[in-house]
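Asker:
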Amino acid sequence: MRATQTLKSILARREAVSVPGAANALFARVIEDLGFEAVYVTGAGVANMQLGAPDIGLTSITEVASTVAAVADAVALPIIVDADTGFGNAVNMIRTVRLLERAGAAGIQIEDQVFPKKCGHFTGKDVIPRDEMVQKVKAAVDARRDGDLQIIARTDARAVEGLERAIERAQAYIEAGADATFVEAPVSAEELGRIARDLKVPQVANIVFGGKTPDPGRERLAEMGFSIVLYANAALQAALKASYEVLGALKRDGSLSAVADRLASFEERQRAVAKDEWDALEARYRAA
1 MRATQTLKSI
11 LARREAVSVP
21 GAANALFARV
31 IEDLGFEAVY
41 VTGAGVANMQ
51 LGAPDIGLTS
61 ITEVASTVAA
71 VADAVALPII
81 VDADTGFGNA
91 VNMIRTVRLL
101 ERAGAAGIQI
111 EDQVFPKKCG
121 HFTGKDVIPR
131 DEMVQKVKAA
141 VDARRDGDLQ
151 IIARTDARAV
161 EGLERAIERA
171 QAYIEAGADA
181 TFVEAPVSAE
191 ELGRIARDLK
201 VPQVANIVFG
211 GKTPDPGRER
221 LAEMGFSIVL
231 YANAALQAAL
241 KASYEVLGAL
251 KRDGSLSAVA
261 DRLASFEERQ
271 RAVAKDEWDA
281 LEARYRAA
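Throughout the sequence shown, residue numbering follows UniProt numbering, covering 1 to 288 in sequence.
(1) Would you kindly report the start and end of the unbroken beta strand (DSSP E) that includes A143?
(2) In its own chain, which residues sit with a C-beta less than 6 Å from the C-beta of A170, not counting the 5 before and 5 after it?
(3) Rounded to the nearest angstrom, what separates R194 and D73 at their Cα positions?
(4) Assuming G43 and A235 make a contact with CB atoms under 8 Å, what is their CB distance in whole Å?
(5) Please state whether DSSP places R286 in a helix, a strand or coil.
(6) Pick helix, strand or coil for N206, following the three-state DSSP scheme.
(7) Relative to the alpha-carbon of Y6, which residue among A105, R158 and I56 has its alpha-carbon at the smallest distance?
(8) With contact counted as at least three CB pairs below 8 Å, one residue from each stretch, are the stretch 8-18 and the stretch 214-229 in contact?
(9) Let me know the alpha helix (DSSP H) ranges lying completely inside the stretch 8-78, each 4 residues or longer, listed in chain order.
(10) How big is the Cα-Cα spacing for V187 and N206?
(11) Helix or strand or just coil, what does DSSP make of L199?
(12) Below 8 Å on the Cβ atoms is my guess for P78 versus A153; work out the distance and round it to an integer in Å.
(13) Compute the Euclidean distance between the alpha carbons of residue 289 and W278, then round it to the nearest angstrom.
(14) Which residues in the same chain as A47 place their Cβ atom closer than 7 Å to its Cβ, once the five residues preceding and following it in sequence are excluded?
(15) For F266, name the three-state secondary structure that DSSP assigns.
(16) Leaving out five residues before and five after D84 in sequence, what residues of the same chain have Cβ atoms less than 6 Å from its Cβ?
(17) To the nearest whole angstrom, what separates the beta carbons of K8 and Q237, a pair I think is in contact under 8 Å?
(18) In whole angstroms, give me the CA-to-CA distance for residue 360 and T67.
(19) Where DSSP assigns a beta bridge to V246, which residues make up the other side?
(20) Counting only the same chain and skipping the five closest in sequence on each side, list residues whose C-beta sits under 7 Å from that of V160.
(21) Once the 5 residues before and after K226 are set aside, which same chain residues still bring their CB inside 6 Å of it?
(22) With DSSP run on the structure shown, which of helix, strand or coil describes R194?
(23) Can you give me the C-alpha to C-alpha distance between F27 and E132, rounded to a whole angstrom?
(24) If you reduce the DSSP assignment to three classes, tell me which class A180 lands in.
(25) Between D112, F209 and R95, which has its C-alpha nearest H121's C-alpha?
(26) According to DSSP, simplified to helix, strand and coil, what is T85?
(27) Suppose contacts are defined by Cβ-Cβ distances below 8 Å. Is V114 in contact with A178 by that definition?
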């Protein structure tokens with residue numbers, strides 16, 4: 001089964017499958033090693049980890065596509081890609097979809113914010129006219145070469161126009177051909193339930209630690225009917241906290257002794273990057 005078909009099947013199950021985010025291939029390998037069914041290439045994560053910058057529309061399509069290609073080389077999981085606004089208008093959207101599909105995406109998430117966009121849980125967002133986003137969704141659908149590539153249309157209108165208008169927008173994007181929709185930043189379990197009930201295609205929820213949307217847990221989200229639950233930057237936030245703690249101890253003590261239990265062993269690190277497989281390849285192709 002192709003990765004696009006696998007993702008389509010996951011969405012159809014409506015089981016609130018947890019999908020962690022990865023900003024690089026190493027995090028993706030950890031996600032695969034732990035048995036998750038899919039991985040999400042997070043736009044915020046790429047901005048934070050590669051640029052050291054906030055999620056305010058500073059990344060380019062080439063940077064995102066390069067990350068997707070590295071993740072696709074490292075894991076066999078279906079990859080959902082955060083493509084922000086498509087990096088421009090409907091014509092830019094065509095190039096974005098083609099690049100990301102070629103890089104290895106199984107699903108591409110696009111949103112209706114103005115460009116440059118902001119993190120969905122920041123204040124001060126704005127959205128483009130609904131009809132303009134409808135055309136961008138149509139362009140994305142037309143651009144894909146694999147008909148099973150999943151186009152996930154996100155709306156950020158909840159924070160700008162209210163929940164009712166956000167649901168209306170999502171419905172318009174479904175009519176334009178989106179395979180799934182994603183109403184960003186609902187503020188209560190009641191709003192989550194309304195979204196899943198009113199929109200008939202597979203739905204995506206986004207749980208941001210410290211963000212605007214509560215986390216009812218996988219079982220409750222599955223009861224509501226969600227297909228996928230993104231934890232886009234859990235790995236990044238864990239790594240950031242651990243880095244401060246470990247490097248802070250090193251600066252304070254001049255040694256790692258006090259934080260040795262916070263570090264992966266040398267062997268664990270090599271296993272995470274499949275060093276034994278590379279060793280086998282080296283031996284196979286060693287000159288006689």
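Virtual Cβ for every residue (Gly too), placed ideally from N, Cα, C. Bear in mind that the values here come from a model prediction, so they are computed numbers and not experimental data.
Answerer: Considering the structure as presented:
(1) As a first step, residue 143 must be located in the sequence shown, where it is residue number 143. A143 -> not in any beta strand (DSSP E); alpha helix (DSSP H) instead, spanning R130 to A143.
(2) Translated into the one-based positions of the sequence shown, residue 170 becomes position 170. So the list reads T155, T181, V183 and L199, once near-sequence residues are dropped.
(3) The sequence position of residue 194 within the sequence shown is 194, counting from 1. The sequence position of residue 73 within the sequence shown is 73, counting from 1. Each residue's alpha carbon lies about 38 Å from the other.
(4) Taking the sequence shown and counting its residues from 1, the one referred to as residue 43 is at position 43. Taking the sequence shown and counting its residues from 1, the one referred to as residue 235 is at position 235. Wrong, their Cβ atoms sit about 15 Å apart, outside the cutoff.
(5) Sequence index remark: in the sequence shown, residue 286 carries index 286 (1-based). For R286, the three-state secondary structure derived from DSSP is coil.
(6) Counted from its first residue, the sequence shown places residue 206 at position 206. Strand at N206.
(7) Residue numbering aside, residue 6 sits at position 6 when the sequence shown is read from its first letter. The displayed chain sequence assigns Thr, not Tyr, to residue 6. With distances taken between Cα atoms, T6 lies closest to A105.
(8) The stretch 8-18 is in contact with the stretch 214-229.
(9) Entirely contained in the stretch 8-78, the alpha helix (DSSP H) runs reaching 4 residues are, in chain order, 25-33, 43-46 and 61-74.
(10) Along the sequence shown, read from residue 1 onward, the residue named residue 187 stands at position 187. Along the sequence shown, read from residue 1 onward, the residue named residue 206 stands at position 206. About 11 Å.
(11) Position 199 of the sequence shown, counted from the first residue, corresponds to residue 199. In the three-state DSSP reduction, L199 falls in the coil class, being neither helix nor strand.
(12) Taking the sequence shown and counting its residues from 1, one reaches residue 78 at position 78. Taking the sequence shown and counting its residues from 1, one reaches residue 153 at position 153. Cβ-Cβ separation between P78 and A153: approximately 18 Å, too far for a contact (criterion under 8 Å).
(13) Outside the shown range of the chain, which is 1 to 288, sits residue 289, and nothing can be said about it.
(14) In the sequence shown, residue 47 corresponds to position 47, counting from 1. Result list for A47: A53, P54, D55, L58 and T59, in chain order.
(15) Indexing the sequence shown from 1 puts residue 266 at position 266. Three-state result, F266: helix.
(16) Numbered from 1 along the sequence shown, position 84 holds the residue referred to as residue 84. Correct list, in chain order: G43 and K117.
(17) Counting from 1 along the sequence shown, the entry for residue 8 is found at position 8. Counting from 1 along the sequence shown, the entry for residue 237 is found at position 237. About 30 Å; that fails the 8 Å criterion.
(18) Look at the range of the chain in this structure, 1 to 288, and you will see that residue 360 is not part of it.
(19) For the purposes of this step, residue 246 is identified with residue 246 of the sequence shown, where counting begins at 1. Here V246 is not bridged, per DSSP, to any residue.
(20) Taking the sequence shown and counting its residues from 1, one reaches residue 160 at position 160. K125, D126 and V127, listed in sequence order.
(21) Here residue 226 refers to the residue found at position 226 of the sequence shown. Note that residue 226 is Phe in the sequence shown here, rather than Lys. In chain order, A16, A196, Q203 and A205 place their CB closer than 6 Å to the CB of F226, counting only its own chain and leaving out the 5 sequence neighbours on each side.
(22) For the purposes of this step, residue 194 is taken as residue 194 along the sequence shown, with counting starting at 1. In the three-state scheme derived from DSSP, where H, G and I count as helix and E and B as strand, R194 is classed as helix.
(23) Locating residue 27 in the sequence shown gives position 27, counting from the first residue. Locating residue 132 in the sequence shown gives position 132, counting from the first residue. Straight-line spacing of the CA atoms in F27 and E132 works out to 35 Å.
(24) Mapped onto the sequence shown, residue 180 falls at position 180. Correct three-state label for A180: strand.
(25) Along the sequence shown, one-based indexing puts residue 121 at 121. Selection D112, F209 and R95 evaluated against H121 yields F209 as nearest (Cα-Cα).
(26) As a working mapping, residue 85 is identified with position 85 in the sequence shown. T85: coil per DSSP, three-state reduction.
(27) In the sequence shown, residue 114 corresponds to position 114, counting from 1. In the sequence shown, residue 178 corresponds to position 178, counting from 1. Between V114 and A178, the C-beta gap is not smaller than 8 Å, which leaves the two residues out of contact.
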